[in-house]
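Notes to accompany the following structure.
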Amino acid sequence: MKKGKFIVVSGPSGVGKGTICNILIKELDAEYSVSYTTRSPREGEIDGVNYNFVSKEEFEKMIQMGDLLEYNFYNGNYYGTSKSFVLDKINQGKNIFSEIDVNGAKNIKKIFSDALLIYIAPPSIEELKRRLVDRGTETIDKINERLKIAKMEMEQVDFYDYVVVNDDLDKAINDVRKIIESHV
Ligand code: 5GP
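Positions in the sequence shown are counted from 1; adding 34 to them yields our numbering.
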């Protein structure tokens with residue numbers, strides 16, 4: 035049986051990667067790798083859907099048990115990808131989308147040489163700030179921390195297979211769709 039594709043989509047918080055992934059997952063009948071995190075849920079986020087929200091102790095146990103394909107400590111919290119979920123689905127021929135940060139994507143590239151790595155970039159840092167402020171889910175200090183991380187991340191995206199700028203959502207979805215269609 036043909037194996038599924040592991041499609042890693044990265045990009046700063048607020049860039050629209052979640053929207054892009056959700057639409058394409060439905061269209062392509064793919065599945066989402068629900069990450070584990072120790073951060074608190076944002077308003078509207080559902081445990082088991084957006085993330086598996088766990089305590090620091092639970093997360094560290096998963097690290098020890100080798101349950102994570104990759105993990106990272108980002109902005110004060112752990113984030114990681116379930117090894118068994120991804121490997122089982124790929125072996126069943128399912129295409130899997132994962133939204134992980136640049137460090138996670140680097141690790142995935144080492145483990146899965148045929149993973150497809152796509153970085154969604156904002157048109158500018160100023161525009162990203164405007165979107166995060168409009169979203170209103172975080173304090174200005176947290177937003178500024180995220181912008182600092184976004185700037186650092188954007189300087190090291192050369193290893194991605196593709197970089198798509200989201201200045202128009204429909205166009206960005208279309209660009210990502212075409213990239214995926216050319217690889218699956
Ligand atoms: P947020 O708190 O905005 O949901 O996510 C913060 C960052 O963590 C984002 O860049 C997101 O893509 C990344 N992230 C989410 N899940 C994972 C994961 O399983 N592994 C890694 N390495 N990063 C993740």
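Think of the CB as a built atom: it goes at the ideal place given N, C-alpha and C, for glycine as much as any other residue. Quick caveat: nothing in here was measured; it's all calculated off a predicted structure.
Between the region 123-131 and the region 162-181, the count of Cβ pairs shorter than 8 Å is below three; the stretches do not touch. For A155, the beta-bridge partners assigned by DSSP are V199. About 19 Å separates the beta carbons of V120 and Y153, which is beyond the 8 Å limit, so they are not a contact pair. In the three-state scheme derived from DSSP, where H, G and I count as helix and E and B as strand, T53 is classed as helix.
Its chain contains N129, F131 as the residues whose beta carbon lies nearer than 6 Å to that of A64, once the 5 sequence neighbours on both sides are disregarded; these appear in chain order. In the three-state DSSP reduction, S118 falls in the helix class (H, G or I).
According to the DSSP assignment, I174 belongs to the alpha helix (DSSP H) that extends over 174-188. Proximity of the beta carbon of D135 to the ligand 5GP is indicated: a heavy atom of the ligand is located closer than 6 Å. P46 counts as buried, since at least 16 other C-beta atoms from the protein chains shown sit within 10 angstroms of its C-beta. Taking a 10 Å sphere around the C-beta of L181, we find 16 or more other C-beta atoms and assign the residue as buried. CA-to-CA, the gap between N111 and K37 works out to about 32 Å. Cα atoms of K185 and A149: separation of roughly 24 Å, rounded to the nearest angstrom.
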